[in-house]
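K.L.:
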């Protein structure tokens, strides 16, 4: 007697209904540092961290934005951190019809106004590897509020920072130097946008920057985390889901009715 072949299990309806949320990482480009937030957000989204180190991602804003756009479902959300926040803005400006909302964390759109970016992108490729990694190690306390992180999270951050080659870091600094947010049509972008800044960001003036962006974005919500540093998504108290589900927030009409009770 022929054995009946079992059919593959169908995806659950709730999973099919959940919109896609793409995470665009910071300078490390790995996409591996979103795990804390992804775990909390998976009830509302299909979370997919992207690696900007993918060979098809390209090395210019145009190619990066095109590649990210090719990964989007209709009505997807973009969550960008630092460098990734700039990329999220570029994608949303280029393909607004495919985006449903933006989450921008410590956006690096202010970097070109910082005096040290030029020296960084020019000098980094010429540093001896040992000196480069020594500087990266010493810069961890500048990059993150380490006291707000658990030891395993600090170690993952350390590994991600050390994984970035000097030439890649220089290339991304050069891209940030050429990113002119003033030229983007932010006033016409009606996407709900959550802007998150760390009050103890020592790398960039993120609080001032999110306030500047909020003045131009029609549907912007600003959240300041007073004790957070630049790499705040690894901190134990950071919870993007809490901001997204605020009853009076810009995402409330989209997410609040579908949020599971806790």
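Residue numbers (the working numbering): 83 to 344.
Positions of the beta carbon are idealized from the N, C-alpha and C atoms, including for glycine.
Who pairs with residue 266 in a beta bridge, going by DSSP?
P.N.:
Mapped onto the chain shown, residue 266 falls at position 184. For residue 266, which the question treats as bridged, DSSP gives no partner whatsoever.
K.L.:
Between residue 104 and residue 113, what straight-line distance do the alpha-carbon atoms span, to the nearest angstrom?
P.N.:
In the chain shown, the residue the question calls residue 104 occupies position 22. In the chain shown, the residue the question calls residue 113 occupies position 31. When rounded, the distance between both Cα atoms is 10 Å.
K.L.:
Have a look at the DSSP bridge pairing and note the partners of residue 303.
P.N.:
Taking the chain shown and counting its residues from 1, the one referred to as residue 303 is at position 221. In DSSP, residue 303 forms a bridge with 276.
K.L.:
By the DSSP assignment, the alpha helix (DSSP H) with residue 250 in it spans what residues?
P.N.:
Position 168 of the chain shown, counted from the first residue, corresponds to residue 250. Its alpha helix (DSSP H) spans residues 248 to 260.
K.L.:
Exposed or buried, what is residue 330 when buried is set at 16 or more other beta-carbons lying within 10 Å of its beta-carbon?
P.N.:
Counting from 1 along the chain shown, the entry for residue 330 is found at position 248. Flag for residue 330 reads exposed.
K.L.:
What's the C-alpha gap between residue 180 and residue 153?
P.N.:
Walking along the chain shown from the start, residue 180 turns up at place 98. Walking along the chain shown from the start, residue 153 turns up at place 71. For residue 180 and residue 153, the distance between alpha carbons rounds to 10 Å.
K.L.:
Let me know the secondary structure DSSP gives residue 187 once reduced to three states.
P.N.:
What you label residue 187 is simply residue 105 of the chain shown in a count that begins at 1. Three-state result, residue 187: strand.
K.L.:
For residue 186 versus residue 167, is the C-beta spacing smaller than 8 Å?
P.N.:
The residue labelled residue 186 in the question sits at position 104 within the chain shown. The residue labelled residue 167 in the question sits at position 85 within the chain shown. Result yes, Cβ atoms of residue 186 and residue 167 sit closer than 8 Å.
K.L.:
Would DSSP call residue 113 helix, strand or coil?
P.N.:
Within the chain shown, residue 113 is the residue found at index 31, counting from 1. Three-state result, residue 113: coil.
K.L.:
Taking 8 Å as the threshold, find out whether the stretch 203 to 219 comes into contact with the stretch 245 to 254 through three or more Cβ pairs.
P.N.:
Counting Cβ pairs under 8 Å, three or more are found: they touch.
K.L.:
Where does residue 103 fall in DSSP's three states?
P.N.:
As a working note, residue 103 is residue 21 in the chain shown. It is a strand residue.
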